[in-house]
């Protein structure tokens with residue numbers, strides 16, 4: 023039989039998980055949900071769903087023969103690294119093969135998993151059951167969780183964070199690897215339960231996404247250094263080095279398929295390209311940690327947030343870092359504690375050491391991730407961790423833990439009597455209710471009805487497509503969009519988003535789709551070249567390559583422009599299948615293919631088909647003529663693909679890089695607008711020099727030659743003073759060659 027303590031333990035965890043499920047149901051209005059329809063059906067969520075569907079159909083996500091036709095999709099240049107989350111999905115796949123259900127269930131599962139791990143950490147740190155339940159639920163229902171959602175599915179899976187912080191605190195206490203023996207000497211202890219638990223947690227950490235791996239190693243280093251300095255011992259730093267080395271080595275092992283692929287086929291310089299300045303753009307801002315969430319239930323607070331977002335500079339995904347009112351109190355407490363200790367303050371309690379290291383890690387996180395912080399310096403060496411604001415989920419845990427410690431200390435000091443316990447219980451219920459109410463919003467409820475309507479409209483269309491072509495057919499998709507992360511310099515695509523073309527694959531079974539070949543490799547270059555051919559030549563090339571149909575997303579073209587679809591109807595001599603919402607078109611190539619075959623002998627046709635594409639070129643790295651880098655003042659691109667702009671203060675630099683050995687003729691076009699009326703703008707470089715007066719959408723066009731190498735175009739503004747680092751903006755910039 024279980025002891026009373028064990029029963030209490032089980033009941034506490036069951037209660038926490040039950041409350042989590044109830045709160046989740048209420049927050050997301052889950053009674054309205056259809057699990058067979060994704061909660062998010064746009065943007066990055068489509069990329070995550072493609073990974074899930076690829077996992078189901080191919081066993082893993084790295085190669086998908088149903089995408090990037092005719093050569094297939096290889097994601098070795100763009101690996102996810104979220105092995106632990108993918109393995110959890112593999113378990114869910116044992117019960118359902120529907121990618122949407124798997125995606126939704128995994129996202130929902132991240133909530134009770136986070137509650138569970140947070141409770142485990144709090145209980146290991148000797149907090150009461152009641153405090154552990156409240157803290158676990160508040161950490162689970164962070165705004166971060168909902169803002170990331172299914173669009174950033176693997177960031178939503180942050181259940182490892184409490185366990186990592188627990189290891190950091192163990193490390194600070196000197197409880198890992200090295201233990202004092204009876205003779206007074208420190209000896210290595212690998213069989214100790216805490217050491218084994220720390221190793222297991224670090225193993226799991228190494229299987230999570232790169233950001234959480236990086237942040238975990240950083241905090242282990244901070245706690246190791248803090249323990250070594252405080253205890254004047256090298257052993258905590260040595261234990262820290264062992265744990266970090268294990269995490270890095272295992273993570274690198276999970277990346278080995280990509281490393282071997284790139285070793286065999288060359289490094290692809292066009293995928294996942296990051297610049298050091300982006301770390302500043304996506305840096306953490308303390309005011310955003312303490313701000314109310316967007317769409318707050320109190321209108322006054324919502325308006326404060328809206329005004330800030332509309333006027334403050336550098337507002338992007340770093341707006342997702344809000345701690346909520348309860349977490350903000352904990353954050354301020356930790357900052358205050360750091361100064362209190364620096365000024366020599368003392369407080370006799372077993373929790374003092376814990377608050378010391380929490381404040382050190384919290385302060386280190388802010389110094390690393392804040393705009394202009396040490397993370398920006400690190401990015402000069404390694405710029406891949408650009409969205410360093412994502413460290414906020416660790417800050418949230420530090421803050422909540424500090425507040426829980428403070429509450430427990432106060433309750434131990436002043437609320438020992440029976441009536442004190444009632445006050446304590448009532449306070450915790452109030453904290454939980456206010457916290458969850460403050461941290462969530464009606465805006466976190468997915469738009470179930472509109473998503474469902476769009477989803478089933480697309481599904482009905484794709485089912486018609488499947489019925490119109492033989493099983494296993496290849497479908498060519500238009501317009502051409504480079505993948506992944508089409509660049510800011512890509513031609514304007516009107517209303518279509520970068521991953522919308524994945525919808526065909528997501529709704530089909532067995533068809534092969536052209537979208538999804540990795541940019542910079544031969545498969546993408548083949549698709550781009552074919553797309554740029556005259557339409558009749560393109561259709562002929564597709565036929566020779568073995569395609570059976572053409573899929574057109576009209577949102578990739580000017581509104582109400584039917585030129586492309588009309589021309590395809592004439593060339594193919596067939597009417598298209600049109601989606602119920604009128605957005606998507608499909609043209610069968612069956613009749614055209616038969617007519618083409620009838621015009622050539624078998625030998626001639628075979629020769630033409632062989633020349634149409636070379637499968638061996640699939641992994642070849644393609645050298646592209648020019649790359650652009652916006653530096654030294656220029657802000658990120660705003661607007662949309664058909665109407666976009668970027669702001670600049672009084673000075674900014676554009677780097678134009680020509681890696682080829684040939685000169686390239688270039689035409690630069692843009693519209694220039696001064697923020698405060700007419701002003702003079704100079705553009706100076708070794709490519710050209712210009713001085714013009716700009717006002718509102720002043721057109722500019724210049725043709726010049728770009729030799730081999732890197733060239734800097736310096737923009738200098740001479741005019742009225744600007745505000746918010748905005749003096750002028752470039753609108754709808756294009757560089758054609």
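In our numbering, the protein residues as written are 23 to 759. We put the CB at the ideal spot given by N, CA and C, even for glycine. Fair warning: this is a prediction, and the values are worked out from it, not measured in the lab.
Checking 8 Å against the spacing of the C-beta atoms, do residue i and residue j come in under that value?
{"i": "residue 277", "j": "residue 103", "result": "yes"}
{"i": "residue 569", "j": "residue 537", "result": "no"}
{"i": "residue 84", "j": "residue 96", "result": "yes"}
{"i": "residue 301", "j": "residue 417", "result": "no"}
{"i": "residue 111", "j": "residue 124", "result": "yes"}
{"i": "residue 349", "j": "residue 421", "result": "yes"}
{"i": "residue 679", "j": "residue 649", "result": "yes"}
{"i": "residue 294", "j": "residue 100", "result": "yes"}
{"i": "residue 63", "j": "residue 477", "result": "yes"}
{"i": "residue 119", "j": "residue 140", "result": "no"}
{"i": "residue 609", "j": "residue 598", "result": "yes"}
{"i": "residue 248", "j": "residue 360", "result": "no"}
{"i": "residue 524", "j": "residue 72", "result": "yes"}
{"i": "residue 606", "j": "residue 575", "result": "yes"}
Name the DSSP beta bridge partners of residue i, please?
{"i": "residue 575", "result": "606"}
{"i": "residue 599", "result": "608"}
{"i": "residue 505", "result": "540"}
{"i": "residue 210", "result": "200"}
{"i": "residue 731", "result": "680"}
{"i": "residue 739", "result": "703"}
{"i": "residue 724", "result": "690"}
{"i": "residue 757", "result": "690"}
{"i": "residue 714", "result": "703"}
{"i": "residue 95", "result": "86"}
{"i": "residue 660", "result": "667"}
{"i": "residue 486", "result": "Looking at the DSSP assignment, residue 486 forms no beta bridge with any residue, so it has no partner."}
{"i": "residue 534", "result": "496"}
{"i": "residue 392", "result": "306"}
{"i": "residue 673", "result": "738"}
Looking only at C-alpha atoms, which of the options sits nearest to residue i?
{"i": "residue 729", "options": "488, 676, 687 and 293", "result": "687"}
{"i": "residue 262", "options": "194, 660, 70 and 50", "result": "194"}
{"i": "residue 274", "options": "380, 44, 231 and 479", "result": "231"}
{"i": "residue 502", "options": "495, 548, 479 and 467", "result": "548"}
{"i": "residue 414", "options": "234, 51 and 458", "result": "234"}
{"i": "residue 307", "options": "340, 689 and 319", "result": "340"}
{"i": "residue 494", "options": "423, 88, 35 and 470", "result": "88"}
{"i": "residue 749", "options": "321, 167, 624 and 717", "result": "717"}
{"i": "residue 284", "options": "540, 605 and 616", "result": "540"}
{"i": "residue 690", "options": "697, 722, 671 and 311", "result": "722"}
{"i": "residue 297", "options": "658, 184 and 498", "result": "658"}
Can you name the start and end residues of the beta strand (DSSP E) that residue i belongs to?
{"i": "residue 47", "result": "Premise fails: residue 47 lies in the alpha helix (DSSP H), 26-50, not in any beta strand (DSSP E)."}
{"i": "residue 693", "result": "686-696"}
{"i": "residue 669", "result": "666-670"}
{"i": "residue 651", "result": "649-653"}
Output needed for residue i: all residues of its chain with C-beta closer than 7 Å, excluding positions within five of it in sequence on either side, in chain order.
{"i": "residue 674", "result": "654, 655, 656 and 737"}
{"i": "residue 755", "result": "692"}
{"i": "residue 380", "result": "356, 420, 423 and 424"}
{"i": "residue 593", "result": "557, 558 and 561"}
{"i": "residue 710", "result": "724 and 726"}
{"i": "residue 732", "result": "677 and 679"}
{"i": "residue 511", "result": "Residue confidence is low: residue 511 scores 45 on pLDDT, short of 50, so the model does not pin down where it sits. Its coordinate-derived value is still stated next. Answer for residue 511: 650 and 757, listed in chain order."}
{"i": "residue 105", "result": "229 and 276"}
{"i": "residue 236", "result": "407"}
Would you give the residue range spanned by the alpha helix (DSSP H) that residue i belongs to?
{"i": "residue 565", "result": "557-567"}
{"i": "residue 821", "result": "In the structure displayed, the chain extends from 23 to 759; residue 821 sits before or after that span and is not available."}
{"i": "residue 284", "result": "278-287"}
{"i": "residue 500", "result": "Element bounds for residue 500: not the alpha helix (DSSP H) but the beta strand (DSSP E), 496-500."}
{"i": "residue 334", "result": "Element bounds for residue 334: n/a, residue is neither H nor E."}
{"i": "residue 125", "result": "121-146"}
{"i": "residue 187", "result": "183-195"}
{"i": "residue 433", "result": "414-436"}
Skipping 5 residues on each side, what residues in its chain have a beta carbon closer than 8 Å to that of residue i?
{"i": "residue 396", "result": "389 and 390"}
{"i": "residue 239", "result": "266, 269 and 270"}
{"i": "residue 51", "result": "467 and 470"}
Is it the case that the CB of residue i approaches a heavy atom of the ligand HEM more closely than 7 Å?
{"i": "residue 750", "result": "This structure simply doesn't include the ligand HEM, nor any ligand for that matter."}
Which same chain residues, not among the five before or five after residue i, have their C-beta less than 6 Å away from its C-beta?
{"i": "residue 323", "result": "314"}
Kindly indicate if chain B contains any beta-carbon less than 8 Å away from that of residue i.
{"i": "residue 626", "result": "This model lacks chain B altogether, as it is built from one protein chain only."}
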